[in-house]
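Worksheet: the structure to be examined is printed underneath.
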Amino acid sequence: MKELLDWAESLQCAVGAFSVGNMEMVMGAIRAAEETNTPIILQIAEKRLASSPLHLMAPMMIAAARRANVPVAVHLDHGLTVDCVRKALGYGFTSVMLDGSLLSYEENVAVTKQVVQMAFEAGATTEAELGVVGGNEGDTAEHVITCTDPEVAADFCRRTGVDALAVAIGNAHGNYPVLPELRFDVLEEIDRAVNVPLVLHGGTGITDEMFRTAIGLGVRKINIATASFDAYAAAAKECAGKGADWFALSAACAEAVYRNVIRHINVFSMK
Ligand SMILES: [Zn+2]
Numbered sequence: 006m007k008e009l010l011d012w013a014e015s016l017q018c019a020v021g022a023f024s025v026g027n028m029e030m031v032m033g034a035i036r037a038a039e040e041t042n043t044p045i046i047l048q049i050a051e052k053r054l055a056s057s058p059l060h061l062m063a064p065m066m067i068a069a070a071r072r073a074n075v076p077v078a079v080h081l082d083h084g085l086t087v088d089c090v091r092k093a094l095g096y097g098f099t100s101v102m103l104d105g106s107l108l109s110y111e112e113n114v115a116v117t118k119q120v121v122q123m124a125f126e127a128g129a130t131t132e133a134e135l136g137v138v139g140g141n142e143g144d145t146a147e148h149v150i151t152c153t154d155p156e157v158a159a160d161f162c163r164r165t166g167v168d169a170l171a172v173a174i175g176n177a178h179g180n181y182p183v184l185p186e187l188r189f190d191v192l193e194e195i196d197r198a199v200n201v202p203l204v205l206h207g208g209t210g211i212t213d214e215m216f217r218t219a220i221g222l223g224v225r226k227i228n229i230a231t232a233s234f235d236a237y238a239a240a241a242k243e244c245a246g247k248g249a250d251w252f253a254l255s256a257a258c259a260e261a262v263y264r265n266v267i268r269h270i271n272v273f274s275m276k
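Residue numbers 6 to 276, in the numbering used here, belong to the letters of the sequence shown in order.
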């Protein structure tokens with residue numbers, strides 16, 4: 006993933022990191038990347054493994070990435086346990102995130118250092134998160150958003166050696182009830198304070214203009230999950246209404262994800 010982030014830095018754009026939960030989602034995302042000749046990141050969050058088991062998803066995601074005719078990184082999003090990070094690296098994920106954002110600062114530093122070392126040994130990239138992004142990756146419990154402190158971010162990156170840092174600037178997971186007010190002033194300060202690429206979680210529902218502003222301020226990876234899951238579910242409902250068979254349903258769901266991914270790729274490429 007580090008190579009993709011460097012590529013994005015050189016072009017002053019961002020790489021889309023698209024969450025997937027089954028084969029149709031993988032196929033839709035890869036088709037969008039290939040058609041636009043744009044690298045992407047395929048990712049899955051640890052919390053999602055309850056419905057999409059790692060032992061099935063990992064080999065499929067890696068096979069899709071290997072076969073794609075554009076560079077594709079395979080990333081563990083929001084790893085909650087070191088054990089899951091270890092398993093993902095064992096399957097050949099090229100990037101992992103350990104989300105220690107709800108731990109104490111010192112605990113977050115310690116566990117992130119451990120993950121950075123594990124990832125380094127596997128030749129993979131590490132993402133961490135500081136501050137608290139709203140929502141909770143599919144949980145009903147909401148977290149109060151706490152913006153990333155730029156000085157703490159600088160200390161954290163220095164001490165842990167992470168390759169990418171997810172920031173909290175008013176963004177949230179899931180669908181926003183109202184358009185969020187992103188703290189671009191905070192983002193600018195974080196970008197000045199740290200020397201690693203920044204990651205924006207909770208991309209669903211953010212306007213194209215806000216994406217462009219964030220990219221202009223150093224965001225190099227943007228996570229899109231809910232928009233793809235919602236597009237998939239809407240396509241499935243439409244098919245069900247028409248009494249479609251499984252084959253038509255499968256094709257329509259892959260197509261819906263493809264359209265969502267391509268829409269975001271076009272914004273993130275900053276062309
Ligand atoms: Zn996230």
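Glycine included, each C-beta is placed from N, C-alpha and C at the ideal position.
Boundaries (first-last residue) of the alpha helix (DSSP H) holding residue i
i	result
residue 243	231 to 246
residue 160	155 to 165
residue 107	Here residue 107 belongs to no alpha helix (DSSP H), and DSSP marks it neither H nor E.
residue 41	28 to 41
residue 58	Residue 58 -> no alpha helix (DSSP H), and no H or E assigned at all.
Residue range of the unbroken beta strand (DSSP E) whose run includes residue i
i	result
residue 194	Looking at the DSSP string, residue 194 is not in any beta strand (DSSP E); the run it does join, the alpha helix (DSSP H), is 189 to 198.
residue 23	20 to 24
residue 168	No beta strand (DSSP E) contains residue 168, which DSSP labels as neither H nor E.
residue 80	77 to 84
residue 138	Counting along the chain, residue 138 falls outside any beta strand (DSSP E), and DSSP gives it neither H nor E.
Inter-residue spacing [alpha-carbon to alpha-carbon] between residue i and residue j
i	j	result
residue 13	residue 54	29 Å
residue 93	residue 110	25 Å
residue 170	residue 187	17 Å
residue 121	residue 72	27 Å
residue 154	residue 242	42 Å
residue 87	residue 254	37 Å
residue 6	residue 225	11 Å
residue 17	residue 221	7 Å
residue 108	residue 137	10 Å
residue 176	residue 127	31 Å
Simplified DSSP state of residue i, which is helix, strand or coil
i	result
residue 90	helix
residue 130	strand
residue 52	helix
residue 118	helix
residue 102	strand
residue 179	coil
residue 203	strand
Cβ neighbour criterion (16 or more within 10 Å) applied to residue i
i	result
residue 252	exposed
residue 29	buried
residue 183	exposed
residue 48	buried
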